[in-house]
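Protein chains in written order, with our numbering: chain A, 1 to 327; chain B, 1001 to 1295.
Laid out in structure tokens, this is it:
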């Protein structure tokens, strides 16, 4: 009995520390644009949201999608097109991107969930490649040129997003909303069922859950949130190009998630920050980026499968903070 | 002029030949993937990079050492196969106990490193590789003009595919391989060196990819990116065929190559995506693949 109350106290204390860390993180994100280049930070936030959305599928449902570039780049195109050609305000443009990505996710997921494991990865890759070829040929993407000079416009008709700091706080708001949605999904009964599918799919089926519907649901949600990241990215950089739909992008988001920690909420954020920073440095040095990302991939898979946050959570300090997973 | 389905016969046969050539490469590559997957349970994402390495091996052997096409045809696969054996021994073999997805991710990283490295040194543009003198020129078959080299590629790939099939289905070594696919622990307890068998298998698969690469060098240009787009198509083919059978992989490869060629005749806009569309249809009708056993 005493042990139990002790545990409870420790849990409570750990919870407070976790909340404290979260608060420090948020404050840091609010302060940091006054010291660092905002466009770089916005890029990190977009990719961080992308990776978190991807992790919802890989980390919490156990599905490795190799085709998330289709949702990310697809949403970029939809948003850029809606804002530039149809004259939509930014919030409506982003909504178009999200809905478009969710629809793409529904179609792709419908086919992909018919197979499991490795086949699932290959099917998503192939379908995303198909979408890539569609984007190469379709007139609205403007081919190799892409959609350029997309106006950022005024958020709700008031806030001028042309100002870098306004734009930064807008992106930060979208990012936090996105993370909150993911957190809610993971901690809902729906999220618990997703995790049970990850742990033992056959058992989940035998318990009477329609696993396919849950998988499809998770796939669509992940696609929609990925679309949110892609839509905002189109607004930040004011263009949408083929790079974002190419398969390399699907690989990049896997790397961010793997490096940060599969199945942790903040791992993908750290991983995205790391990879984007690295790319920025390497782009200036002329050293081939793919070689370095490939090497990190290999090292992560061989020696470092829990990722940065996963290793931290499993360490003694992580256990003290109540971050080590209970199972 | 003779017409077939409203298309000039020559254009039809020409695209059929192009399809057959593409099918030859699809068949050789999906064969290698199927062999590796059968035993190692690893989807070899580096297969496209190994195909590219084969083409580069031929190109570099010629330009550095003056070694001609025919020797390169043997040396290239050996070199790439050896590099594959090293990778399997020191890295892939550590991943068998884990989820199969880690093998896919590892070989994906490997492919990025290889392709990035070659692109750093040779740029993205292609290097030409001359058709060997013996096989240059063409013959007039009466109904169409056929470059000899293209005919050679079709014949060579058929020989390679059937040879590999015989090796696996009809020889002692092949029977060990098949047994180890079914139950590695049992085979090991009979005193057969299964880890060595796994290394050999990966080397064989990588070597097959390299052989396809050298065969492709005179047709397509030798470029660092030649493998990466191809491999995604081959993945789709593997999904269509199902990885259960070696013959299934071969037949599906040729079939889809030809189908893609025919699409170029009748509806060129869709030729890029026809294989993916077929994959989607097969997933609806027969999710395990045409020749697949459901895993």
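Note that beta-carbon positions come from the ideal geometry of N, C-alpha and C, so glycine has one too.
The structure displayed is predicted, hence computed values, not measured ones.
In its chain, beyond the 5 residues on either side, 1019, 1022, 1271, 1274 and 1275 have a beta carbon closer than 7 Å to the beta carbon of residue 1260/B. Contact check for residue 104/A against residue 126/A fails: the beta carbons are separated by 8 Å or more.
Close partners of residue 1272/B in chain A (Cβ separation under 7 Å): 133.
Each of 34/A, 79/A and 12/A was checked against the Cα of residue 236/A, and the nearest Cα belongs to 79/A. Here DSSP, grouped into helix, strand and coil, assigns residue 149/A to coil. Judged by DSSP secondary structure, residue 189/A falls within the alpha helix (DSSP H) whose first and last residues are 189-199. The C-beta of residue 1086/B comes no closer than 8 Å to any C-beta of chain A. With a threshold of 8 Å between beta carbons, residue 243/A makes no contact with chain B. Taking C-beta separations shorter than 8 Å and ignoring five residues to either side along the sequence, the partners of residue 1137/B in its chain run 1147 and 1148, following chain order. The count of Cβ pairs closer than 8 Å, one atom from the region 167-175 of chain A and one from the region 32-47 of chain A, reaches three, so the stretches are in contact. Around the Cβ of residue 1243/B, a 10 Å sphere holds 16 or more other Cβ atoms; the residue is buried. Under the DSSP assignment, residue 1147/B falls in the beta strand (DSSP E) whose first and last residues are 1145-1147. In the three-state reduction of the DSSP assignment, residue 245/A falls in the helix class, which pools H, G and I.
An exposed status is given to residue 144/A, since fewer than 16 other beta-carbon atoms sit within 10 Å of its beta-carbon.
Of the other Cβ atoms in all chains shown, 16 or more fall within 10 Å of the Cβ of residue 1199/B; this residue is therefore buried.
Within the region 1057-1112 of chain B, the runs of alpha helix (DSSP H) that reach at least 4 residues and sit entirely inside it are, in chain order, 1069-1090.
In the DSSP annotation of this structure, the continuous segment of the beta strand (DSSP E) that includes residue 1140/B starts and ends at 1138-1140. Here the alpha carbons of residue 301/A and residue 266/A stand approximately 19 Å from one another. Separation of the CB atoms of residue 263/A and residue 60/A is rounded to 6 Å, and the pair is thereby assigned contact status at 8 Å. Excluding the 5 residues flanking it on each side, residue 21/A has same chain C-beta neighbours closer than 8 Å at 321, in chain order. When DSSP states are grouped into helix, strand and coil, residue 138/A belongs to the coil group. Residue-level contact by beta carbon holds for residue 117/A and chain B, with a gap shorter than 8 Å. In this structure, the beta-carbon distance from residue 48/A to residue 273/A falls below 8 Å. Chain-ordered, the chain A residues with CB closer than 7 Å to the CB of residue 1115/B read 290. At least one beta carbon of chain B lies nearer than 8 Å to the beta carbon of residue 130/A.
For residue 209/A, the three-state secondary structure derived from DSSP is coil. Residue ranges of uninterrupted alpha helix (DSSP H) with 4 or more members, entirely inside the region 243-292 of chain A and ordered along the chain, are 247-260 and 267-285. Of all C-beta pairs linking the region 212-223 of chain A to the region 104-118 of chain A, three or more are shorter than 8 Å, placing the two stretches in contact. For residue 61/A, no Cβ of chain B is located within less than 8 Å of the residue's own Cβ.
The way I'd put it, the region 1178-1186 of chain B doesn't touch the region 1045-1053 of chain B; fewer than three beta-carbon pairs between them come closer than 8 Å.
Between the alpha carbons of residue 1086/B and residue 184/A lies a distance of about 46 Å. Shown here, residue 1217/B sits in coil according to DSSP, grouped into three states, outside any helix or strand. Taken in chain order, the region 106-133 of chain A contains no complete alpha helix (DSSP H) segment of 4 residues or longer.
For residue 1254/B, the secondary structure class from DSSP, reduced to helix, strand or coil, is helix. Think of a sphere of 8 Å around the beta carbon of residue 1094/B: the chain A residues whose beta carbon falls inside it are 302, in chain order. Per DSSP, reduced to three states, the secondary structure at residue 163/A is coil, with no helix or strand assignment.
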